[in-house]
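Respectively, the protein sequence lines represent chains A and B.
If you read the first sequence in the working numbering, its first letter stands for residue 22, the second for the next number, and so on.
If you read the second sequence in the working numbering, its first letter stands for residue 22, the second for the next number, and so on.
Have a look at the structure below, then the notes.
There are 2 protein chains.
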Amino acid sequence: MKAAAHPLGEFELIRRFFVRQPKARGAAESGVILGIGDDAAVLSLPPDTELIAAVDSIVAGRHFLPGTDARSIGHRALAVNLSDLAAMGATPAWATLALTLPSADAHWLERFSAGLLDLADEHGVALVGGDTTQGPLTVSVQLLGHVPRGMALRRDTAHDGDLLAVTGTLGDAGAGLAFASGRPAAIASEATAALIQRFDYPSPRVQFGLAARGIASAVMDLSDGLAGDLPKLAQASGLAARVAVERLPLSDAMRLAVSASQAREWAVAAGDDYELLLAVPAARFAELAAAASRLNLRLTAVGELQAGSGVTWSLDGRDFQPACGGYDHFAQASTQITV
Amino acid sequence: MKAAAHPLGEFELIRRFFVRQPKARGAAESGVILGIGDDAAVLSLPPDTELIAAVDSIVAGRHFLPGTDARSIGHRALAVNLSDLAAMGATPAWATLALTLPSADAHWLERFSAGLLDLADEHGVALVGGDTTQGPLTVSVQLLGHVPRGMALRRDTAHDGDLLAVTGTLGDAGAGLAFASGRPAAIASEATAALIQRFDYPSPRVQFGLAARGIASAVMDLSDGLAGDLPKLAQASGLAARVAVERLPLSDAMRLAVSASQAREWAVAAGDDYELLLAVPAARFAELAAAASRLNLRLTAVGELQAGSGVTWSLDGRDFQPACGGYDHFAQASTQITV
Numbered sequence: 022m023k024a025a026a027h028p029l030g031e032f033e034l035i036r037r038f039f040v041r042q043p044k045a046r047g048a049a050e051s052g053v054i055l056g057i058g059d060d061a062a063v064l065s066l067p068p069d070t071e072l073i074a075a076v077d078s079i080v081a082g083r084h085f086l087p088g089t090d091a092r093s094i095g096h097r098a099l100a101v102n103l104s105d106l107a108a109m110g111a112t113p114a115w116a117t118l119a120l121t122l123p124s125a126d127a128h129w130l131e132r133f134s135a136g137l138l139d140l141a142d143e144h145g146v147a148l149v150g151g152d153t154t155q156g157p158l159t160v161s162v163q164l165l166g167h168v169p170r171g172m173a174l175r176r177d178t179a180h181d182g183d184l185l186a187v188t189g190t191l192g193d194a195g196a197g198l199a200f201a202s203g204r205p206a207a208i209a210s211e212a213t214a215a216l217i218q219r220f221d222y223p224s225p226r227v228q229f230g231l232a233a234r235g236i237a238s239a240v241m242d243l244s245d246g247l248a249g250d251l252p253k254l255a256q257a258s259g260l261a262a263r264v265a266v267e268r269l270p271l272s273d274a275m276r277l278a279v280s281a282s283q284a285r286e287w288a289v290a291a292g293d294d295y296e297l298l299l300a301v302p303a304a305r306f307a308e309l310a311a312a313a314s315r316l317n318l319r320l321t322a323v324g325e326l327q328a329g330s331g332v333t334w335s336l337d338g339r340d341f342q343p344a345c346g347g348y349d350h351f352a353q354a355s356t357q358i359t360v
Numbered sequence: 022m023k024a025a026a027h028p029l030g031e032f033e034l035i036r037r038f039f040v041r042q043p044k045a046r047g048a049a050e051s052g053v054i055l056g057i058g059d060d061a062a063v064l065s066l067p068p069d070t071e072l073i074a075a076v077d078s079i080v081a082g083r084h085f086l087p088g089t090d091a092r093s094i095g096h097r098a099l100a101v102n103l104s105d106l107a108a109m110g111a112t113p114a115w116a117t118l119a120l121t122l123p124s125a126d127a128h129w130l131e132r133f134s135a136g137l138l139d140l141a142d143e144h145g146v147a148l149v150g151g152d153t154t155q156g157p158l159t160v161s162v163q164l165l166g167h168v169p170r171g172m173a174l175r176r177d178t179a180h181d182g183d184l185l186a187v188t189g190t191l192g193d194a195g196a197g198l199a200f201a202s203g204r205p206a207a208i209a210s211e212a213t214a215a216l217i218q219r220f221d222y223p224s225p226r227v228q229f230g231l232a233a234r235g236i237a238s239a240v241m242d243l244s245d246g247l248a249g250d251l252p253k254l255a256q257a258s259g260l261a262a263r264v265a266v267e268r269l270p271l272s273d274a275m276r277l278a279v280s281a282s283q284a285r286e287w288a289v290a291a292g293d294d295y296e297l298l299l300a301v302p303a304a305r306f307a308e309l310a311a312a313a314s315r316l317n318l319r320l321t322a323v324g325e326l327q328a329g330s331g332v333t334w335s336l337d338g339r340d341f342q343p344a345c346g347g348y349d350h351f352a353q354a355s356t357q358i359t360v
């Protein structure tokens, strides 16, 4: 590595691309006593809250395609963590960034930091720490937030008889990834563009996570696909799950772009939607649906939980066997980007 | 990537290698309400404290040599963050791990997690979140801790007239790295082995950081070498620094292994020592030294801060010009491992 190829030092790089002037919010409101620039950040939690901490990394060739717009990469790196906090019913507050990148390319960094910081601003998140290293592109974000004491939404607290519900529509991101990768070859259209947009710019359901507090009995986010994630919620809660595949919510774009059976397959098993999966007592489903409606968010009951174990799928009343079981980075890489 | 080559799934991998049974400490003492296994961790801060958050990544070929024992890599990944918390005077409490690795090799993971978790146990740190991804080896640890409200040690709060002090001995890790890399060719000896050990297993000065609270006026840790780090403390505090190079503390191993001028060069500019650099009012230096002594830790006054800006080095009363200015990952890679 030649020094001349990397004119920006680490300190300058963080200052130039990742330190935004604080908006109207002051230290008191943001809880940031000391941000980027010291050995660590100093933060103040609101009274009577518990701290929520999530971490997720995204890696070139695993979570995004080579050549992806850096703005999408920055957005995604924060969005996947916001989705985790949404699933806890937490208010996101502070993020730290560990960024490994091959070279300090100013154009790339401008796009990347804009994607990350615009989403951070939207959700009131302050970037309070960063670390940059030269190496293969890897982005790791740690996100911190808070919930009122005892109010965090967990995945091990569902009850026998709860309905299973999902936000938004399922499978869109998987479809978008497939189209962006050129498989299946698709005629470029508004529908495929909308699906690719859903993959590139996931919308974490933070506001709905807050609204679900005190109503839902268990929540998790859908990052590895329903077939990959639902067994985790069912197992953590010690229950069996049944899903009626014909009820899985599909977007208009999905219906326009592919066959019903392909749409179903993606809705069942494709990852990266970052919708929420919720268990809710049947008597309180209407209340949860009203909360979703106030946020212009679709909420669909897709199944139920009952005593037992395992996940059973049906399609129009008949047994249904998903083609694949969700994404696992080390065991089943074939369902997502492979290297 | 073939599934058969990676028999362990991500969930199983985290469970098997990174979840230790809690020791005597229960949830009440550790503050862990919900650890690994949900979308995020739920943590409880002690009353009247502020949250401290640090993040640091280590990358193969940048922070450790190819072929390094995974135990050392796991130790280092946490140690560099513990050192940041030590520099804030914080009590470390919780860590999250973002691990990108080429393959899920059980032997490597056993060594890595032992190195990380043994050091975590030593400092009462609970691993509360993890994320594993397939890709080039990158380890990012986020460490959370706390300080009594208003008591965090910062780097921008030194005063005109403060003494500059350092813990331990300087340059050992840089010497160890040089010997481990085979430059200069050295006769294997107890001295070179001790220096290599200092590079492979840094000892973060957490207990001393706690002891320095309320005595030191500013603190930072030495990760990029005195010549790289001191200018940051001086600039943050708006002061000039003077260092008497002949006072820089050298280990017996260093004195045995290399010439005085080589030792001096490493003590001034080599990184990775993870000692603390402190500014302390002259009238309180004895108090700080006594605290160090109780921890069997050396504390050496090496210079002072005064009105002005910049850093001036002297050797036996004459001006001294350091050969290089400390380590920066993007601008001056030549002072550490290069790729």
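Built from N, CA and C at the ideal position, the CB exists for glycine as well.
>> If you follow the alpha helix (DSSP H) that A:T188 is in, where does it begin and where does it stop?
In response: Premise fails: A:T188 lies in the beta strand (DSSP E), L184 to T188, not in any alpha helix (DSSP H).
> Cβ of A:D181 within 9 Å of Cβ of A:L309?
Replying inline: no
> Taking the alpha-carbon positions, what's the A:S282 to B:F39 distance?
Replying inline: Looking at the two C-alpha atoms, the distance is approximately 40 Å.
> Helix, strand or coil: how does DSSP classify A:G197 here?
Replying inline: Residue state, collapsed to three classes: helix.
>> Under 7 Å, CB to CB, which of the residues in the stretch 333–345 of chain A have a partner in chain B?
In response: none
>> Buried or exposed for B:R132, going by 16 or more other Cβ atoms inside 10 Å?
In response: buried
>> Does the stretch 68–81 of chain A come into contact with the stretch 149–159 of chain B, if we say contact requires no fewer than three beta-carbon pairs (one atom in each stretch) closer than 8 Å?
In response: The way I'd put it, the stretch 68–81 of chain A does touch the stretch 149–159 of chain B; three or more beta-carbon pairs between them come closer than 8 Å.
> Which residues bound the beta strand (DSSP E) around B:S272?
Replying inline: In this chain, B:S272 is not harboured by any beta strand (DSSP E), its DSSP state being neither H nor E.
>> Residues of the stretch 153–187 of chain A in Cβ contact with chain B at a cutoff of 7 Å, in chain order, please.
In response: T153, T154, Q155, G156, P157, T159, S161, Q163, L165, A173, R175 and R176
> Would A:D177 pass as a contact of A:A248 if the rule is Cβ separation under 9 Å?
Replying inline: In this structure, the beta-carbon distance from A:D177 to A:A248 does not fall below 9 Å.
> Applying a beta-carbon distance threshold of less than 7 Å, which residues of chain A neighbour B:V146?
Replying inline: Near B:V146 there are no residues of chain A at all, since even the closest Cβ is about 13 Å away, more than 7 Å.
> To the nearest angstrom, how far is it from the Cα of B:L371 to the Cα of A:A274?
Replying inline: With chain B represented from 22 up to 360, any question about residue 371 of chain B goes unanswered, as that position is not in the structure.
>> Can you look up B:S202 in the DSSP assignment and give me helix, strand or coil?
In response: coil
>> Quick check on the burial criterion: 16 or more other C-beta atoms within 10 angstroms. Buried or exposed for B:A311?
In response: B:A311 comes out exposed.
> Are any of the Cβ atoms in chain A nearer than 9 Å to that of B:G235?
Replying inline: It does not: the Cβ of B:G235 has no partner Cβ on chain A nearer than 9 Å.
> Relative to chain A, which residues along the stretch 47–63 of chain B have a C-beta separation below 8 Å, given in chain order?
Replying inline: I54, L55, G58, D59, D60, A61, A62 and V63
> In whole angstroms, what is the alpha-carbon distance linking A:V266 and A:L130?
Replying inline: 42 Å
> Are the CB atoms of A:R41 and A:L138 nearer to each other than 9 Å?
Replying inline: Taking a C-beta distance under 9 Å as the contact criterion, A:R41 and A:L138 qualify as a contact pair.
>> On the CB-based measure, 16 or more other CB atoms within 10 Å of its CB, does A:Q342 come out buried or exposed?
In response: exposed
>> Under 8 Å: do the stretch 183–197 of chain A and the stretch 154–170 of chain A share three or more Cβ pairs, one atom per stretch?
In response: no
>> I'd like to check one pair, B:L184 with B:A62: are the Cβ atoms closer than 9 Å?
In response: Cβ atoms of B:A62 and B:L184: not closer than 9 Å.
> With DSSP run on the structure shown, which of helix, strand or coil describes B:A119?
Replying inline: The answer is strand: DSSP assigns B:A119 an E or B state.
> For B:Q163, which of helix, strand or coil comes out of DSSP?
Replying inline: In the structure shown, the three-state DSSP call for B:Q163 is strand.
>> Within a Cβ cutoff of 8 Å, which residues of the same chain sit near B:A322, ignoring the five residues on either side of it in sequence?
In response: L184, L185, A186, R268 and F306
> For a contact meaning CB atoms closer than 9 Å, what does B:S78 contact in chain A?
Replying inline: A119, L120, T121, D152, T153, T154, G156, T159 and S161
> To the nearest whole angstrom, what separates the beta carbons of B:S244 and B:S104, a pair I think is in contact under 8 Å?
Replying inline: Rounded, the Cβ-Cβ distance is 7 Å, consistent with contact.
>> I'd like to confirm the pairing. Which residues does DSSP put opposite A:M172 in its beta bridges?
In response: Note: A:M172 sits in no beta bridge, so no partner.
> Using the beta-carbon of each residue, which ones in chain B are nearer than 9 Å to A:A248?
Replying inline: What A:A248 touches in chain B: nothing, since even the nearest Cβ is about 14 Å away.
>> DSSP three-state label for A:T154, please.
In response: strand
> For a contact meaning CB atoms closer than 8 Å, what does B:S202 contact in chain A?
Replying inline: Neighbours of B:S202 on chain A: none; closest Cβ ~16 Å, over 8 Å.
> With A:G95 and A:A135 assumed to form a contact (beta carbons below 8 Å), what rounded beta-carbon distance in angstroms separates them?
Replying inline: About 7 Å; that satisfies the 8 Å criterion.
> Where does A:T359 fall in DSSP's three states?
Replying inline: The pLDDT assigned to A:T359 is 26, lower than 50, so where the model puts this residue is not dependable; a value taken from the coordinates is nonetheless given after this. Note: A:T359 maps to coil in three-state DSSP.
> In three-state terms, what does DSSP make of A:A215?
Replying inline: helix
> How would you list, in chain order, the residues of chain B whose beta-carbon sits under 9 Å from the beta-carbon of A:L106?
Replying inline: D60 and A61
> A:D337 by DSSP, collapsed to three states: which one?
Replying inline: A:D337 falls in the coil class under three-state DSSP.
> Taking buried to mean at least 16 other C-beta atoms within 10 Å of its own C-beta, is B:R175 buried or exposed?
Replying inline: buried
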